[in-house]
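Here the structure is laid out as structure tokens; the discussion comes afterwards.
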Ligand code: 5AD
Ligand code: FES
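In my numbering, the protein residues as written are 7 to 355.
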């Protein structure tokens, strides 16, 4: 490791900040030794804030119907092979009931941009979950909605909102999305969510098509300046029925490297070891935890629909990653030196 790399690592560890050029240098010149050092520092930081606790979230995939056509996504509207489904409000509440008995205290309602889920329908579901389980947090991950809608859902009781920004560089954002979607609107949604008092999550795919080290450096700068409460990153994985079917996938190595850098930028951020990471390698999520991640989000959706919520090929499902197998999950988490806790797991402010 050269002197410049060493001094960048200490600066990052001490100040949580580097310039875009410095992030880019770190990314381009990383070596296994450097990553090793970053993982170690990230674990120390994570321990100083969250100890050895890992938070779990019950993920309920409420619908794979989507009006958008993102080039990377398996549930894009142009994918005619996708078998569409939508959970009813009572299906969703049943998932939450099951999740609560399994020990989950955060429910994440995730889905495509499905117009069936109006403010009224969603508001009812959110407030009913909060009525039944006042000790639980509700996280929404339902894409772009208007300001009034975000406000309505906040008032109904939603606590958090995940909306990956997908790319912090406008020209790159436009290579991943059709012209009906805009970078400006995405960013505006994130600002609105923050102003409304949600705990807000942003994020991006690692190794998405046309992503360069310079673009990744801008992602890190964005995470540094936006200061999200949560940050979802996972490898891009091609889906066979999308325009990006022949593009290569992001790597476990790069994802773990970035998880560590993000932990050093924001020691308090909630950082999931994602399903996509568990899909590129059998021990992907454990490696994510060992790089600084502190959240896992097992699937609580009914088994019958799990395979259909296919954002990318070979998504792991029905097996050990499911919420029903909290015991396997506990063992996996303990195997790398952490412990699963039953609590809302809010961001430490
Ligand atoms: N590979 C990896 N992640 C994907 N997502 C969508 N499609 C893919 C894919 N092919 C991610 C997006 C989205 C989140 C719900 O899943 O970043 O925001
Ligand atoms: Fe549904 Fe991207 S395809 S939001």
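Ideal Cβ positions, reconstructed from N, Cα and C, are used throughout, including at glycine.
In this text the structure is predicted, and so the values were computed from the model without any measurement.
Suppose you measure from the CA of residue 269 to the CA of residue 207; what does that come to, to the nearest Å?
14 Å
Just to check, is the beta-carbon of residue 61 closer than 7 Å to a non-hydrogen atom of the ligand 5AD?
no
Residues in its own chain within less than 6 Å of residue 184 by CB, not counting five upstream and five downstream?
75
Where does the unbroken alpha helix (DSSP H) through residue 143 begin, and where does it stop?
Premise fails: residue 143 lies in the beta strand (DSSP E), 143 to 147, not in any alpha helix (DSSP H).
Going along the chain, which unbroken runs of the beta strand (DSSP E) with 3 or more residues stay wholly within the segment 145 to 182?
166 to 168, all fully within the segment 145 to 182.
Over what stretch of residues does the alpha helix (DSSP H) that includes residue 222 continue unbroken?
219 to 232
DSSP state of residue 271 mapped onto helix, strand, coil
helix
Helix or strand or just coil, what does DSSP make of residue 294?
helix
Kindly give me the distance between the Cβ atoms of residue 295 and residue 60, rounded to whole angstroms, as I take these residues to be in contact under 8 Å.
7 Å
Burial state of residue 191, where buried means 16 or more other Cβ atoms lie within 10 Å
exposed
Here's the rule: buried if 16 or more other CB atoms are within 10 angstroms of the residue's CB, otherwise exposed. What is residue 38?
exposed
Measuring alpha carbon to alpha carbon, tell me which residue in 23, 293, 332 is nearest residue 343.
293
If you follow the alpha helix (DSSP H) that residue 362 is part of, which residue opens it and which one closes it?
What is shown of the chain runs 7 to 355, which leaves residue 362 out entirely.
Between the segment 113 to 126 and the segment 141 to 159, can you find at least three pairs of beta-carbon atoms closer than 8 Å?
Contact holds: three or more Cβ-Cβ distances are below 8 Å.
Start-to-end residues for the alpha helix (DSSP H) that takes in residue 95:
Under the DSSP assignment, residue 95 falls in the alpha helix (DSSP H) whose first and last residues are 95 to 108.
Kindly examine the ligand 5AD and report whether one of its heavy atoms sits closer than 7 Å to the Cβ of residue 79.
yes
Spatial distance of residue 91 from residue 73 (CA atoms):
Rounded to whole angstroms, residue 91 to residue 73 spans 14 Å at the Cα level.
Under the criterion of a Cβ to heavy atom distance below 7 Å, does residue 72 qualify as lining the ligand FES?
yes
Taking 7 Å as the line, does the beta carbon of residue 76 fall inside it for any heavy atom of the ligand FES?
yes
Proximity winner among 179, 148, 334, relative to residue 216 (alpha-carbon distances):
179
Going by C-alpha to C-alpha distance, which of 48, 42, 251, 8 sits closest to residue 18?
Closest option to residue 18, Cα to Cα, is 48.
Hey, quick one: how far does the beta strand (DSSP E) through residue 236 stretch, first residue to last?
236 to 241
Meets three-Cβ-pair contact criterion under 8 Å: the segment 61 to 69 and the segment 219 to 227
no
So, at 6 Å on beta carbons, what are the nonlocal neighbours of residue 245 in its own chain, with the 5 sequence-adjacent residues on each side left out?
80, 318, 319
Thinking C-alpha only, which one of 27, 46, 313, 258 is nearest residue 287?
258
Measure from the alpha carbon of residue 305 to the alpha carbon of each residue in 31, 108, 350, 297, then state which is nearest.
108
Please classify residue 203 as buried or exposed, where buried requires at least 16 neighbouring CB atoms within 10 angstroms.
exposed
May I ask which residues mark the beginning and end of the beta strand (DSSP E) holding residue 284?
From DSSP, residue 284 is part of no beta strand (DSSP E) but of the alpha helix (DSSP H) over 281 to 286.
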